[in-house]
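Each residue of the sequence shown is one higher than the last, beginning at 1 in UniProt numbering.
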Amino acid sequence: MTARSLWYVGGDACELRDCSVPVVGPGEVLVVATHGAVSRGTESLVLRGGVPPSEHTRMRCPFMEGDFNYPCKYGYCSVGFVAEAGKGAEPLLGRHVFCLFPHQDRYVVRMEAVHALPEGTPPSRAVLTPNLETAVNIVWDSKLSVGDRLAVVGAGVVGCLVAYVASRVADVSVLLVDVDASRSALAERLGVRFRLAEQLTAEDADRDVVVHCSGGPAGCATALSLAGDEAAVVEASWFGDKQAPPPRAGTSQLRPPTAPRPCSRPRGLGA
Numbered sequence: 001m002t003a004r005s006l007w008y009v010g011g012d013a014c015e016l017r018d019c020s021v022p023v024v025g026p027g028e029v030l031v032v033a034t035h036g037a038v039s040r041g042t043e044s045l046v047l048r049g050g051v052p053p054s055e056h057t058r059m060r061c062p063f064m065e066g067d068f069n070y071p072c073k074y075g076y077c078s079v080g081f082v083a084e085a086g087k088g089a090e091p092l093l094g095r096h097v098f099c100l101f102p103h104q105d106r107y108v109v110r111m112e113a114v115h116a117l118p119e120g121t122p123p124s125r126a127v128l129t130p131n132l133e134t135a136v137n138i139v140w141d142s143k144l145s146v147g148d149r150l151a152v153v154g155a156g157v158v159g160c161l162v163a164y165v166a167s168r169v170a171d172v173s174v175l176l177v178d179v180d181a182s183r184s185a186l187a188e189r190l191g192v193r194f195r196l197a198e199q200l201t202a203e204d205a206d207r208d209v210v211v212h213c214s215g216g217p218a219g220c221a222t223a224l225s226l227a228g229d230e231a232a233v234v235e236a237s238w239f240g241d242k243q244a245p246p247p248r249a250g251t252s253q254l255r256p257p258t259a260p261r262p263c264s265r266p267r268g269l270g271a
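As structure tokens, then:
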């Protein structure tokens with residue numbers, strides 16, 4: 001059996017390559033992928049060769065092939081159904097599952113490497129599992145407390161998920177900030193306030209916690225401007241081999257960037 005996978009080959013280019021799929025053995029499953037997602041920030045760095053050598057080992061994914069010097073098969077957002085199940089894995093047959101597997105249309109893995117989707121969870125939503133895990137880690141790192149005023153700068157996937165998770169903490173006021181006015185509709189659906197970066201006022205500042213997710217220096221400056229006295233500022237962007245913007249003078253507490261953990265084992269899949 002053959003499969004087709006996506007490889008990063010350097011020069012801002014990718015290739016589709018054919019590969020062999022092994023026969024399913026005991027405790028293994030054959031997954032036919034139906035949905036996948038690109039982690040825009042991390043995979044953009046992989047595409048342009050922006051993963052620094054110091055992070056090559058830590059940024060490897062469970063089923064990655066090759067290395068960051070190219071070529072490499074990279075990715076970690078795959079959802080599909082179990083088409084074949086080996087001895088001991090029969091309960092997974094026909095189930096939709098999530099796997100931290102690169103972009104490939106079918107693959108064989110150990111049954112422990114897949115996570116059955118809970119009843120009612122759409123496969124198209126389940127591909128966001130690594131992003132949601134990142135958002136949960138960010139909220140934990142922020143030490144967000146009951147009644148805090150939080151600002152999230154950057155309404156991309158991770159920023160929106162941070163706003164969503166944080167809004168579930170009792171009596172927390174969440175402000176989502178972006179340069180794209182169309183994000184206001186999404187903020188409304190998430191149940192949080194939205195403000196264009198250029199329209200921020202003094203009333204929007206003095207935040208207890210600020211999370212920067214935009215990935216750019218302008219967004220970082222906006223995030224720092226929203227921080228109140230003794231505020232915690234979490235830099236959630238990962239700049240790869242680029243220099244992260246320095247904090248402003250007088251910032252009382254700046255939590256340093258935490259290297260992404262996209263390849264850790266998900267603890268569960270919520271609907």
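Virtual Cβ for every residue (Gly too), placed ideally from N, Cα, C.
Own chain, CB closer than 7 Å to residue i, minus 5 neighbours either side, in chain order
{"i": "Y164", "result": "L190"}
{"i": "C99", "result": "V31, S78, V109, A113 and V114"}
{"i": "G219", "result": "V153, G154 and H212"}
Identity of the residue in the options nearest residue i by Cα
{"i": "F241", "options": "G10, T42, E15 and G50", "result": "It should be pointed out that residue 241 corresponds to Asp in this sequence rather than to Phe. Of the candidates G10, T42, E15 and G50, the one whose C-alpha sits nearest the C-alpha of D241 is G50."}
{"i": "S214", "options": "A223, D206, R207 and D208", "result": "A223"}
{"i": "V109", "options": "K143, L30, G156 and P122", "result": "L30"}
{"i": "V169", "options": "F68, A37 and G147", "result": "G147"}
{"i": "P123", "options": "S78, V9 and A3", "result": "S78"}
{"i": "E198", "options": "D180, E188 and V210", "result": "D180"}
{"i": "F101", "options": "S39, E90 and V152", "result": "S39"}
{"i": "A37", "options": "A232, A236 and Q104", "result": "Q104"}
{"i": "V23", "options": "C61, F68 and R106", "result": "R106"}
{"i": "A151", "options": "V157, I138, S173 and S145", "result": "S173"}
{"i": "P5", "options": "G75, V158 and G216", "result": "Here residue 5 turns out to be Ser, not Pro, going by the sequence shown. Ranking the options by Cα distance to S5, first place goes to G75."}
{"i": "P53", "options": "D67, L144 and S20", "result": "D67"}
{"i": "V127", "options": "L16, V158, V139 and A185", "result": "V158"}
{"i": "L45", "options": "R193, I138, Y8 and A185", "result": "Y8"}
{"i": "R17", "options": "E65, S184, G216 and E188", "result": "E65"}
Nearest-angstrom Cβ-Cβ length linking residue i and residue j, presumed shorter than 8 Å
{"i": "L226", "j": "A202", "result": "Their Cβ separation, rounded to whole angstroms, is 10 Å, which puts L226 and A202 out of contact at 8 Å."}
{"i": "S142", "j": "V209", "result": "5 Å"}
{"i": "D28", "j": "A116", "result": "The sequence as given places Glu at residue 28; Asp does not occur at that position. 15 Å between Cβ atoms; not a contact."}
{"i": "S167", "j": "V192", "result": "5 Å"}
{"i": "L161", "j": "L186", "result": "Not a contact, Cβ separation roughly 11 Å."}
Residue i, buried or exposed, once every other Cβ within 10 Å from all chains shown has been counted against 16
{"i": "T42", "result": "buried"}
{"i": "P26", "result": "exposed"}
{"i": "K73", "result": "buried"}
{"i": "T134", "result": "buried"}
{"i": "R195", "result": "buried"}
{"i": "E235", "result": "buried"}
{"i": "L269", "result": "Note that L269 has pLDDT 47, beneath the 50 cutoff, so the model's placement of it is unreliable and the number below is only indicative. It counts as buried."}
{"i": "E119", "result": "exposed"}
{"i": "H96", "result": "buried"}
{"i": "residue 308", "result": "Only positions 1 to 271 of the chain appear in this structure, which leaves residue 308 out of reach."}
{"i": "A33", "result": "buried"}
{"i": "D178", "result": "buried"}
{"i": "P91", "result": "exposed"}
{"i": "A13", "result": "exposed"}
{"i": "S20", "result": "exposed"}
Heavy atom of the ligand FAD within 6 Å of residue i beta-carbon
{"i": "A85", "result": "In terms of ligand content, the structure shown is empty, and the ligand FAD therefore cannot be addressed."}
Close Cβ partners of residue i (< 6 Å) along its chain, the five nearest in sequence each way excluded
{"i": "G228", "result": "D206 and R207"}
{"i": "R171", "result": "Looking at the sequence shown, residue 171 is not Arg but Asp. Taken in chain order, the residues that qualify are V146 and G147."}
{"i": "E84", "result": "V24 and L30"}
{"i": "G10", "result": "Y70"}
Cutoff 8 Å; reference residue i; Cβ partners in own chain excluding five residues on either side
{"i": "Q253", "result": "Only weak support is given to the placement of Q253: the predicted model assigns it a pLDDT of 44, under 50, and the question is left unresolved by the model."}
Complete runs of the beta strand (DSSP E) confined to the region 185-211 [at least 3 residues]
Listed in chain order, they are 193-196.
Of all the alpha helix (DSSP H) runs that stay within the bounds of the region 78-129, which reach a length of 4 or more residues?
The DSSP assignment places complete alpha helix (DSSP H) segments of no fewer than 4 residues inside the region 78-129 at 123-126, in order along the chain.
Continuous beta strand (DSSP E) assignments of at least 3 residues falling wholly in the region 6-38
Here the runs fully enclosed are 13-20 and 28-36.
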